[in-house]
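Remarks on the structure that follows.
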Amino acid sequence: MEKKSIAGLCFLFLILFVAQEIVVTEARTCEHLADTYRGPCFTDASCDDHCKNKAHLISGTCHRLQCFCTQNC
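Numbered by mature numbering (1 follows the signal peptide of the UniProt record, and there is no 0), the letters in the sequence shown go through residues -27 to -1, 1 to 46 in order.
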């Protein structure tokens, strides 16, 4: 009887170990007006380049002719 309970317990632990899911969380991002970008923002590429290379942030996009940079919050 004792061997059956130990075997059952080992089997239960094996099932729990195999059934674990790894949860990956994504970092929250915040968007703010690029204060060093000059002129109207017509293309996302120029804004993205500015935010990545000059402000050292994640990315940039144009909204209402203004450049907004994205960074981790």
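Ideal Cβ positions, reconstructed from N, Cα and C, are used throughout, including at glycine.
Item, Value
"Helix, strand or coil for Cys14 per DSSP?", "coil"
"For His23, which of helix, strand or coil comes out of DSSP?", "helix"
"Closer than 8 Å by C-beta to Ser32: which residues in its own chain qualify, once you throw out the five before and the five after it? Chain order, please.", "Asp21, Cys24, Lys25, Cys42 and Thr43"
"If I measure Cβ to Cβ from Cys14 and keep anything under 6 Å in the same chain, skipping five residues before and after, which residues do I get?", "Cys20, Cys35, Leu38, Gln39 and Cys40"
"By the three-class DSSP mapping on this structure, what secondary structure does Leu6 have?", "strand"
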